[in-house]
Every structure is written in structure tokens, then in C-alpha cells.
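Read through the structure below, which is laid out as C-alpha cells, and then see the notes.
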Amino acid sequence: MDFSLTEEERQTRDWVRTFVQREIQPLEQQALRRERAGEPGVTTEEFAALRSKARHSGFWGIQTPEEYGGMGLSAVMTALIEVELGRSFVPFRFGGSADNILFHANEDQQKQYLVPTIEGERISCFAITEPGAGSDATAIKTTARKDGSDWIIKGEKTFITGGNEADFSMVFAITDPDKGVQGGVTCFLVDRDMGWKSEYIDTMGEWGPAALIFDDVRVPDRNVLGEVGEGFTLAMQWIGRGRYLLPARALGACERLVEMAIEHARNRVTFGEPIAERQAIQWMIADSAVEIEALRWLALSAAWQVDRGLDSRQAQSMAKLFGGVKANEIVDRMMQIHGGMGYTRELPIERWYRELRLLRIYEGTDEIQRRTIARNLLKGHVSVRGALG
Amino acid sequence: MNIVVLMKQVPDTYAERKLQAGDNTLDRDASDAVINEIDEYAIEEGLLLKEAHGGEVTILTMGPDRATESIRKALSMGADKGVHVLDDALHGSCAITTAKVLAKALGTVEYDLVIAGSEATDSRLSIVPALVSEALGVAQLSGARKVTVDGSTVTIERTTDTGFDRVEGAVPAVVSVVEKINEPRYPSFKGIMAAKSKPVTTLSLSDLGLSPDEVGLVASTTTVESYEEAPPRAAGTIVKDEGNGGAAIAEYLASRKLI
Ligand SMILES: Cc1cc2nc3c(=O)[nH]c(=O)nc-3n(C[C@H](O)[C@H](O)[C@H](O)COP(=O)(O)OP(=O)(O)OC[C@H]3O[C@@H](n4cnc5c(N)ncnc54)[C@H](O)[C@@H]3O)c2cc1C
Ligand SMILES: Cc1cc2nc3c(=O)[nH]c(=O)nc-3n(C[C@H](O)[C@H](O)[C@H](O)COP(=O)(O)OP(=O)(O)OC[C@H]3O[C@@H](n4cnc5c(N)ncnc54)[C@H](O)[C@@H]3O)c2cc1C
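Read top to bottom, the protein sequences are chains A and B. If you count the first sequence from 1, you need to add 1 to reach our numbering. If you count the second sequence from 1, you need to add 9 to reach our numbering.
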């Protein structure tokens with residue numbers, strides 16, 4: 002069993018590490034200041050400039066196939082990159098990517114939606130969740146009824162990431178109530194100027210998703226993505242597109258938090274000794290380091306299974322669950338080590354504390370991951386012996 | 010025009026650096042190793058000159074096994090090939106020996122210009138480029154913030170306190186550069202992929218016609234006798250301005266022999 006990186010993998014990872022150190026981390030103090038003043042930490046223009054700088058060196062479209070101008074990197078490489086990006090709370094992502102299901106678009110739709118999304122000229126959002134359908138996505142109520150060669154969409158979506166900025170949405174609606182999710186849900190590409198509205202939802206984090214209102218929005222038949230009735234399969238594909246990447250990003254944050262806490266523990270003196278000398282502090286550091294290491298290999302093994310074309314769903318659910326739970330425990334401990342300073346908005350710890358909490362809720366809550374993991378085992382789909390059998 | 014860039018791998022300046030018990034040399038395994046920062050500027054200048062005049066850029070380094078990582082990084086920035094002087098006997102070499110070895114290694118490649126950084130961040134002697142030019146018997150143009158080559162003449166601008174000196178020399182020459190000179194590029198992803206297939210020659214002492222007793226700790230002209238950890242930073246002094254602030258600060262600086 003070889004856990005090492007190839008020379009290219011290391012250099013690629015180190016490139017991102019250097020980029021984060023030189024280009025992104027220097028923005029952090031300013032981002033915190035601006036956020037304290039209620040402004041966006043990094044502006045859209047600043048992000049665009051960073052993305053174009055990275056593109057200049059060929060870092061563009063990390064997982065986008067090469068025929069679309071991307072790098073077409075493996076899942077393992079993408080996870081390694083995600084860890085590096087996670088080492089800053091600044092929510093930077095490389096440009097040049099699009100939602101996986103947009104690659105199912107037909108030729109016209111590719112020109113109109115996929116290619117401009119990759120280029121960053123258009124912004125998409127993925128809308129399945131509704132006020133009455135979260136964990137249970139089969140409970141969606143939004144409908145699309147046929148009217149001549151058009152469809153009329155009616156319903157409300159909620160908690161849609163990017164929904165405030167998007168100029169088109171991938172909306173999932175019921176087209177055949179009798180069939181329901183078994184062939185009765187269809188995905189539509191709906192431009193904002195076809196008539197949907199968005200409302201910002203304020204959250205615990207530094208950003209918020211949107212509620213999308215579809216009040217009889219007319220959509221031409223040519224805007225059906227994939228086949229009529231096949232929407233639920235697409236939705237599951239979108240959700241399964243890279244669940245291992247969420248904990249990978251959180252892992253980067255945890256590494257940075259532990260490093261900050263080590264530094265602080267060495268320097269902070271109480272009762273005549275650095276707190277680093279105290280067992281209570283050491284145990285928090287030790288437990289966190291062990292969990293970080295476990296998370297690293299859980300996420301990377303899930304990614305490795307993706308690259309091998311194995312059924313990685315169990316591994317991905319495990320990584321997502323463990324990552325969400327442990328990242329939250331770790332940020333809590335690292336705040337504890339920092340004492341009062343950790344609670345202030347001078348340091349990014351409380352920001353991470355708020356941001357990491359989401360990981361236990363979206364893209365499948367902890368409970369839903371556990372449900373999936375247990376059911377896979379109980380039904381005998383997978384063995385507790387894992388990928389190696 | 011063929012250019013050789015002298016590149017040193019050093020411990021990451023962000024990391025804590027330690028000396029090894031026993032021989033008081035730098036513990037190079039204790040922290041991440043990176044390209045000496047100024048050497049990235051030297052590499053960039055080499056690449057810019059190659060883009061303007063054609064030719065090849067060769068990276069020359071003397072250092073332990075893991076220095077190959079830094080050579081690969083330089084190759085991914087666009088350099089064409091690498092030469093790595095690698096030999097266990099080199100451990101603990103002083104600046105004079107380092108320069109002697111580098112000069113010998115330069116004898117194995119063709120070059121019109123040797124470009125170095127002006128200082129390595131680990132031992133900060135700022136002397137290797139001068140020693141190398143001495144050993145080669147060629148001109149040294151140090152502290153360049155600008156380099157131009159015209160035929161067989163190399164001209165640099167050397168920063169001074171009041172402006173700059175223009176210094177001219179005949180090629181081949183050794184030029185050392187300062188950070189003002191350019192902005193080093195990031196390697197490109199294509200460059201990273203291409204670096205693997207670029208040639209890196211490894212040279213041992215015997216390849217250079219040197220024997221182990223001429224180098225390393227045994228031949229070192231200087232030795233680190235002992236060392237002490239830097240004392241922890243003392244609490245600062247607060248000077249309260251009660252109309253005499255200026256004088257109080259001057260007094261404080263004078264007491265520290267700073268003015
Ligand atoms: C910031 C943010 C961004 C989001 N982005 C998007 C997006 O881009 N697109 C999109 O479509 N959706 C998005 N979502 C929605 C997200 O996926 C849902 O919030 C999530 O699936 C949970 O659904 P819910 O909020 O309705 O909670 P519910 O499903 O109502 O769950 C409430 C609680 O009950 C638990 N629970 C539910 N069912 C079970 C069960 N069977 N057994 C045990 N416990 C159970 C849950 O774990 C949870 O603790 C986003 C959400 C947030 C907060
Ligand atoms: C902890 C420690 C212990 C040491 N012990 C001893 C000792 O016992 N005796 C002793 O005499 N010296 C010792 N040295 C000095 C050591 O040998 C120097 O690192 C070496 O001589 C180079 O000098 P410099 O790093 O100051 O380079 P500088 O002169 O500051 O470097 C300038 C430029 O020269 C080039 N260059 C320098 N070194 C190399 C290289 N190896 N390969 C390629 N290019 C290079 C680079 O372009 C660099 O930017 C020690 C140094 C340290 C940090």
C-alpha cells in the first residue's frame with residue numbers, strides 16, 4: 002500500500018499551498034475588518050482577479066474535462082487542493098467549473114449554459130430543497146405543467162446556495178404526480194429573466210442562500226435538462242458529485258486552527274508556565290491531531306475509490322459525517338485554547354466556528370448520513386470491512 | 010545565451026529553525042525545505058533573459074537529497090535542466106568550500122552568465138556569489154536590480170543608498186540579484202507536468218575531481234563553536250509623551266547605542 006504522492010501531485014499541491022500563502026491569506030485581516038463592518042470580506046472583483054491570476058498559470062477548471070479547457074484532475078488531487086484552500090476562511094475557488102449535471106446538456110444548452118458557466122460569465126444554482134422537503138427530497142411540491150410547447154412552473158424553493166447571484170437555476174419540479182420521484186420529476190434550466198424571484202436568507206454564516214419563488218414561470222420545452230421524468234436521477238448525481246470534498250475543505254481549516262492553537266499555547270503564560278505545558282491543553286491538541294489524521298485518510302480513501310470507479314457512496318458518507326462532526330469539535334477546542342481572544346472577531350476562529358456548523362446540515366445532515374451508512378450495512382449492500390474487503 | 014542559476018534550498022522561513030546537537034549544523038530535516046526566496050528572483054531573471062535572447066537555463070544546486078524537489082520546482086517554472094551536487098561528505102561545508110564545489114560544477118556546463126541570489130535566508134553570509142566569481146576568474150556584478158545583456162557585455166543597476174550604480178562587465182560573469190529586480194512567476198500546471206521529463210544530472214565529489222577531505226566539516230574554514238537560543242522578547246518600554254516625548258525617545262535609543 003503506497004500512501005505517497007507522485008512528484009507532479011506534490012508540486013501541484015504545493016503550487017496551491019503557495020498560492021494560498023501568498024495571495025489569499027494576506028487578504029484575511031482585511032476580510033475580517035470588512036466583515037466586522039458588515040461588508041463582504043472579499044469583493045466579486047477581487048475574487049475574479051485571483052481566479053484570473055491562477056488561470057494564467059493553468060489553474061482553471063480543476064475537475065473540468067480537458068476538452069472543455071479544464072485540468073481534468075483526479076478526485077484525489079482535487080481533495081488535496083481542497084485541503085489547501087480550506088486553510089483560509091476566505092471562500093476562494095478556482096474558476097472554470099460547472100455543475101456536473103450540466104455536462105448532460107444537449108448541444109444548444111451546452112452553448113447557452115454550460116460553456117458560459119465554465120467561463121464565469123453565467124452563474125448557476127441548484128434548486129431542489131423546498132420549505133416542506135429537505136432531507137426528504139421526495140416530498141417536493143413544485144410542479145411544472147405542460148402548456149403547448151412550454152412548461153409552467155409553480156412553487157417555492159428554499160436555502161438555495163448562489164440563488165441570490167445566479168442568472169439561471171436548475172429547478173426540479175414534478176411533471177407527473179402519479180409517478181412522483183419514480184419518473185415523475187424533471188429538471189429545468191430556468192433563466193432569471195423568465196420570471197423567478199429570489200429572496201436573501203440571513204444565516205449564522207457570513208453569507209446566505211436564497212428562497213426562489215416560481216409564480217407560473219413559463220419555460221420552453223427546449224430547456225428541459227436530460228429527459229422528462231429523469232430529474233430525480235440528475236438530482237442524486239448532483240448531490241453525489243463530490244461529497245468527499247466538503248470534509249477535505251474542513252480538514253484544511255482544522256489544520257490551520259490547530260497550528261494557531263499550538264502557537265498560542267506556546268506563548269500564553271498562566272501561573273508562571275506556558276499553557277502548552279498543561280495536560281488539559283495537550284490532550285485537546287492530541288485528540289484533534291488524531292482526528293485530523295483520521296479525517297485525512299477517510300476523505301482521501303473516498304476520493305481514491307472515486308478515481309478507481311468503485312462505488313464510493315458509503316466512503317463519501319462516512320467522510321462527510323466524520324468531517325462535519327469532528328471539524329465542529331476541533332474548532333470548539335481550539336477556541337477554548339485561545340480563551341477570550343478566540344471568541345473575538347479579531348481572530349477568524351469564531352468565524353470558522355459559525356461556518357463549519359453548516360457542514361453538519363447541508364448536503365445531507367449528520368442524521369441522514371448515518372441513516373444511509375446504517376441502511377447500506379443492514380441491507381447488505383456493503384460490508385463493514387470497507388473498500389479493501 | 011546559456012544561463013546557470015545558483016539555487017540553494019533552505020528551511021522554510023515560516024518554520025522554526027533548529028541546529029543539530031553534535032556538530033552544530035543546521036537541522037535541514039526539521040522543517041519544510043523551500044527555494045531560497047531571492048533565488049526565485051534569480052531563476053525568474055534567468056527565464057526572462059532566456060525569453061529575450063534564447064538559450065537554456067540550468068539550475069545548479071549543492072545540497073542534500075531533498076534538494077531535488079526544489080530543482081523540480083525551478084524546472085516547472087521553465088528552467089531547462091538541473092545539476093545537483095550531492096555527496097554525504099559535503100555536510101557542514103563552509104562558504105569557501107561551497108563556492109569551490111559550485112565553481113567545479115560550473116566547469117561541467119556551458120554558460121555565458123551565472124545568476125545567484127544576493128543572500129541565503131538560512132546563513133545569510135551574502136558571499137557565495139563573490140567567491141564563485143573569484144574561483145572562476147570572472148567578473149562579479151552584485152546586488153542587481155536590473156540586468157541587461159548586449160553582445161558580450163552585461164550591465165546591471167546596483168541599488169545604492171542614494172540611487173544606483175551602473176556596473177558593466179564582460180561575459181561570462183556572475184550576477185547576484187536583489188528582490189527589486191522582478192516578480193517571480195508561479196510555475197504553470199503544464200510546467201509542473203513537463204518538469205518530470207527534464208534532465209537532472211547528479212554529480213558526486215569524484216565526478217568533480219574533489220576528495221572528501223577537501224570539503225565538509227573537516228575542511229571547513231569556520232566552525233560553529235557553540236550557540237544559544239535567542240532570549241525571549243522582553244516586554245516593551247512605553248514612553249509617555251508629556252511634552253518631552255522626542256527627547257525621551259532619543260534618550261532611550263541612545264541608551265541602547267542605536268543612535
Ligand atoms: C446554507 C445552506 C445552503 C443550502 N444550499 C442548498 C442548495 O444549493 N440547493 C438545495 O437544493 N438545498 C440546499 N440546502 C438545503 C439543505 O440541503 C437542507 O437544509 C438539508 O437537506 C436539511 O433539510 P431541512 O433543512 O429541511 O431539514 P429537515 O429535513 O427538516 O431535518 C430536520 C432535522 O431532522 C433530522 N431528520 C430528518 N429526517 C430524519 C430521519 N429520517 N431520521 C432521523 N433524523 C432525521 C435532520 O437530520 C435534522 O436534524 C442548503 C441549506 C443551507 C442551510
Ligand atoms: C546552522 C549552520 C551551520 C553552519 N555551519 C558551518 C560551519 O560549521 N562552518 C562554516 O564555515 N559554515 C557553516 N555554515 C555556512 C554554510 O555552509 C553556508 O550555508 C554556505 O556556505 C553558503 O553560504 P550562505 O548560505 O550564507 O549563502 P549566501 O552567500 O548568502 O548565498 C547567496 C547566493 O549564493 C547561492 N548559493 C549559496 N549556497 C548555495 C548552494 N549550496 N548551492 C547553490 N547555490 C548556492 C544562492 O544563489 C544564494 O542566493 C553553516 C550554516 C548554518 C545555517
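For each residue, glycine too, the CB sits at the ideal point set by N, CA and C.
Heavy atom of ligand 1 less than 7 Å from the Cβ of P210(A), yes or no?
-> Along the first sequence, one-based indexing puts residue 210(A) at 209. Result yes, Cβ under 7 Å from ligand 1.
Out of curiosity, what's the CA-to-CA distance linking A99(A) and C188(A)?
-> Translated into the one-based positions of the first sequence, residue 99(A) becomes position 98. Translated into the one-based positions of the first sequence, residue 188(A) becomes position 187. If you draw a straight line from the Cα of A99(A) to the Cα of C188(A), it is about 16 Å long.
Indicate whether the contact test is met: 3 or more Cβ pairs, each with one atom in the stretch 101-120 of chain A and one in the stretch 131-143 of chain A, closer than 8 Å.
-> The stretch 101-120 of chain A makes no contact with the stretch 131-143 of chain A, as fewer than three CB pairs between them are under 8 Å.
Close Cβ partners of T332(A) (< 8 Å) along its chain, the five nearest in sequence each way excluded | One-based indexing of the first sequence puts residue 332(A) at position 331. The sequence given here places Val at residue 332(A); Thr does not occur at that position. So the list reads A254, C255, L258, I350, W353, Y354, L357, once near-sequence residues are dropped.
Closest Cβ-Cβ distance between S197(B) and chain A: below 8 Å?
-> Numbered from 1 along the second sequence, position 188 holds the residue referred to as residue 197(B). Closer than 8 Å to some Cβ of chain A, the Cβ of S197(B) qualifies, so yes.
Check: E1(A) C-beta below 7 Å from any heavy atom of ligand 1 | Since the displayed chain A opens at 2 and closes at 390, residue 1(A) lies outside it and no answer follows.
Contact list for the stretch 54-85 of chain A against chain B, Cβ threshold 7 Å = Result list: S58, G59, F60, M72.
Short-range partners of chain A found in the stretch 202-229 of chain B, where Cβ spacing is below 8 Å = If you check each beta-carbon in the stretch 202-229 of chain B against every beta-carbon of chain A, the ones closer than 8 Å belong to M202, A204, K205.
Quick one: is R75(B) near chain A, going by C-beta distance under 8 Å?
-> Counting from one through the second sequence, the residue named residue 75(B) turns up at place 66. Answer no: the Cβ-Cβ gap between R75(B) and chain A never drops below 8 Å.
Residues that K147(A) bridges to, as DSSP identifies them = Translated into the one-based positions of the first sequence, residue 147(A) becomes position 146. K147(A) pairs with W152(A).
L134(B) (DSSP reduced to helix, strand or coil) = In the second sequence, residue 134(B) corresponds to position 125, counting from 1. L134(B): coil per DSSP, three-state reduction.
Quick one: what's got a C-beta closer than 6 Å to S213(B)'s C-beta in the same chain, skipping five residues either side?
-> As a position in the second sequence, residue 213(B) is number 204, starting the count at 1. Closer than 6 Å at the Cβ level, and outside the excluded window around S213(B), lie D96.
Using 7 Å as the cut-off, classify the Cβ of E364(A) as near or not near the heavy atoms of ligand 1, replying yes or no.
-> Locating residue 364(A) in the first sequence gives position 363, counting from the first residue. In this structure, the C-beta of E364(A) approaches ligand 1 to less than 7 Å from one of its heavy atoms.
According to DSSP, is F93(A) helix, strand or coil?
-> Residue mapping note: residue 93(A) aligns to position 92 of the first sequence, counting from 1. Looking at F93(A) - three-state DSSP - the assignment turns out to be coil, as it is neither helix nor strand.
List the residues of chain B whose Cβ lies closer than 8 Å to the Cβ of F20(A), in chain order.
-> By one-based count along the first sequence, residue 20(A) stands at place 19. Against F20(A), the close residues of chain B are Y195, in the order they occur along the chain (beta-carbon pairs closer than 8 Å).
Quick one: is T13(A) near chain B, going by C-beta distance under 8 Å?
-> Sequence index remark: in the first sequence, residue 13(A) carries index 12 (1-based). Yes, its Cβ sits closer than 8 Å to a Cβ of chain B.
For E368(A), is the beta carbon positioned less than 7 Å from some heavy atom of ligand 4?
-> Questions concerning ligand 4 fall outside what the structure shown contains, since the ligands it does hold are ligand 1 and ligand 2.
Have a look at P73(B), P138(B), A263(B), K155(B) and flag the residue whose alpha-carbon is nearest the alpha-carbon of G225(B).
-> Residue mapping note: residue 225(B) aligns to position 216 of the second sequence, counting from 1. Cα-wise, what sits closest to G225(B) is P73(B).
With hydrogens ignored, establish whether the beta-carbon of S136(A) is closer than 7 Å to any heavy atom of ligand 1.
-> Residue 136(A) sits at position 135 when you count from the first residue of the first sequence. Yes; taking the cut-off as 7 Å, the Cβ of S136(A) has a heavy atom of ligand 1 nearer than that.
Do you know how far the Cα of G163(A) is from the Cα of N101(A)?
-> On the first sequence, residue 101(A) is found 100 positions in, with the first residue counted as 1. On the first sequence, residue 163(A) is found 162 positions in, with the first residue counted as 1. Rounded to the nearest whole angstrom, the CA to CA distance from N101(A) to G163(A) is 16 Å.
Rounded straight-line distance, which links the Cα of E85(A) to that of G59(A) | Counted from its first residue, the first sequence places residue 59(A) at position 58. Counted from its first residue, the first sequence places residue 85(A) at position 84. Between G59(A) and E85(A), the C-alpha separation is close to 17 Å.
Minimum length 3: unbroken beta strand (DSSP E) runs contained in the stretch 79-125 of chain B = The stretch 79-125 of chain B contains, as complete beta strand (DSSP E) runs of 3+ residues, the segments 90-94 (chain order).
Do you know how far the Cα of H382(A) is from the Cα of N329(A)?
-> As a working mapping, residue 329(A) is identified with position 328 in the first sequence. As a working mapping, residue 382(A) is identified with position 381 in the first sequence. Each residue's alpha carbon lies about 30 Å from the other.
In chain order, what residues of the same chain lie with their CB nearer than 6 Å to the CB of A128(A), ignoring the 5 residues before and after it?
-> Position 127 of the first sequence, counting from 1, holds the residue named residue 128(A). Same-chain partners within the cutoff: K158, I161, S170, V172, L213.
Secondary structure, beta strand (DSSP E): runs of 3+ residues fully inside the stretch 190-217 of chain A = Counting only runs of 3+ residues, the beta strand (DSSP E) found wholly inside the stretch 190-217 of chain A occupies 198-201, in chain order.
Whose C-alpha, out of I154(A), G181(A), E231(A), I82(A), is nearest the C-alpha of D217(A)?
-> What you label residue 217(A) is simply residue 216 of the first sequence in a count that begins at 1. Checked all of I154(A), G181(A), E231(A), I82(A); the closest Cα to D217(A) is I154(A).
Sequence-distant residues of the same chain with beta carbon closer than 6 Å to R250(A), five excluded per side = Position 249 of the first sequence, counted from the start, is the residue given in the question as residue 250(A). Closer than 6 Å at Cβ, skipping near neighbours: E83, G87.
Does ligand 1 have even one heavy atom less than 7 Å from the beta-carbon of C188(A)?
-> Here residue 188(A) refers to the residue found at position 187 when the first sequence is read from its first residue. No, the Cβ of C188(A) stays beyond 7 Å of every heavy atom of ligand 1.
Whole runs of the alpha helix (DSSP H) within the stretch 319-365 of chain A, excluding any shorter than 4 residues | Fully enclosed alpha helix (DSSP H) runs of 4 or longer: 341-344, 350-357.
Among the residues of its own chain, which have a CB less than 8 Å from the CB of E29(A), if the five just before and after it don't count?
-> Numbered from its first residue, the first sequence carries residue 29(A) at position 28. The residues are S89, F90, V91, P349.
Would you say the beta carbon of R358(A) comes nearer than 7 Å to a heavy atom of ligand 1?
-> Within the first sequence, the letter at position 357 stands for residue 358(A). Not under cutoff, so the answer is no.
Can at least three beta-carbon pairs, one atom from the stretch 127-145 of chain B and one from the stretch 11-24 of chain B, be found at a separation below 8 Å?
-> Judged by Cβ distances under 8 Å, the stretch 127-145 of chain B makes contact with the stretch 11-24 of chain B, as three or more pairs qualify.
K155(B), enclosing beta strand (DSSP E) - first and last residue = To locate residue 155(B), count along the second sequence from 1; it is residue 146. In the DSSP assignment, K155(B) falls within the unbroken beta strand (DSSP E) covering 148-159.
If you drop the 5 nearest sequence neighbours on each side, which residues of the same chain put their C-beta closer than 7 Å to that of P196(B)?
-> Here residue 196(B) is taken as the residue at index 187 of the second sequence, counted from 1. Taken in chain order, the residues that qualify are K82, S85, M86.
Could you give the uninterrupted runs of the alpha helix (DSSP H) lying entirely in the stretch 262-315 of chain A, keeping only those of 4 residues or more?
-> Those alpha helix (DSSP H) runs which fall completely within the stretch 262-315 of chain A and span 4+ residues are 280-308.
Under a three-way DSSP split, which group does R18(A) fall into?
-> Translated into the one-based positions of the first sequence, residue 18(A) becomes position 17. In the structure shown, R18(A) sits in a helix (DSSP, three-state: H, G or I).
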